[in-house]
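Take a look at the structure set out below.
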Amino acid sequence: VRSTDVRSLEACLDTLQRGSLPSERALSARNCAQLFRLMQLALEYLAHLRASHASLLARYDDVAAAADGWRACAAAYLEVADGFLAECADARALSRPRLEGVDGARTELEAADAVYNAALDRLEVRACACVCLLCGGG
């Protein structure tokens, strides 16, 4: 499929799907063999498209899961920071244990952000590969 003219193949798909082979009684053995090869190539191409789309969908799921993780870490960070600020206001002093809690929550949020960005990068790579395939770039 990689070395095939994808646009030409796609132009034939409708004819292959709707064509009536029994009405073509004058096809030579050579033309039948060529038609069979074209149909094989079309099936390989469609199977490749399906696999590419399934892979892209899996990447979307990865990004959604990473986004959920980021949101949970962001909520936890805000909650810990809110507790830190409230305790500092009440005591009129910095709370070292609360400050360390905020720092830990920030570290977890940064890690979740890295996971989310990596998932977005994988999605972008896969999406570009799908676009290249559809444009005939392989």
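Using my numbering, you'd call the opening residue of the sequence shown number 19 and step up by one each time.
Note that beta-carbon positions come from the ideal geometry of N, C-alpha and C, so glycine has one too.
Here the structure is a predicted model, which is why all the values come from computation and not from measurement.
For Ala-104, which of helix, strand or coil comes out of DSSP? Here Ala-104 sits in helix by DSSP.
If you compare alpha carbons, which of Ser-26, Phe-102, Ala-94 is closest to Leu-112? Of the listed residues, the one whose Cα sits closest to Leu-112 is Phe-102.
Just the C-alpha distance for Ala-47 and Cys-146, rounded to the nearest angstrom, thanks. 41 Å
Check for me: the alpha helix (DSSP H) holding Asp-23 runs from which residue to which? In the DSSP assignment, Asp-23 falls outside any alpha helix (DSSP H), carrying neither H nor E.
Looking at the structure shown, is Leu-127 part of a helix, part of a strand, or coil, going by DSSP? In this structure, Leu-127 counts as helix in the three-state DSSP scheme.
Proximal residues to Cys-106 (C-beta, below 7 Å), its chain only, five neighbours per side dropped: Leu-112, Ser-113
Classify Glu-42 as helix, strand or coil using the three-state DSSP reduction. coil
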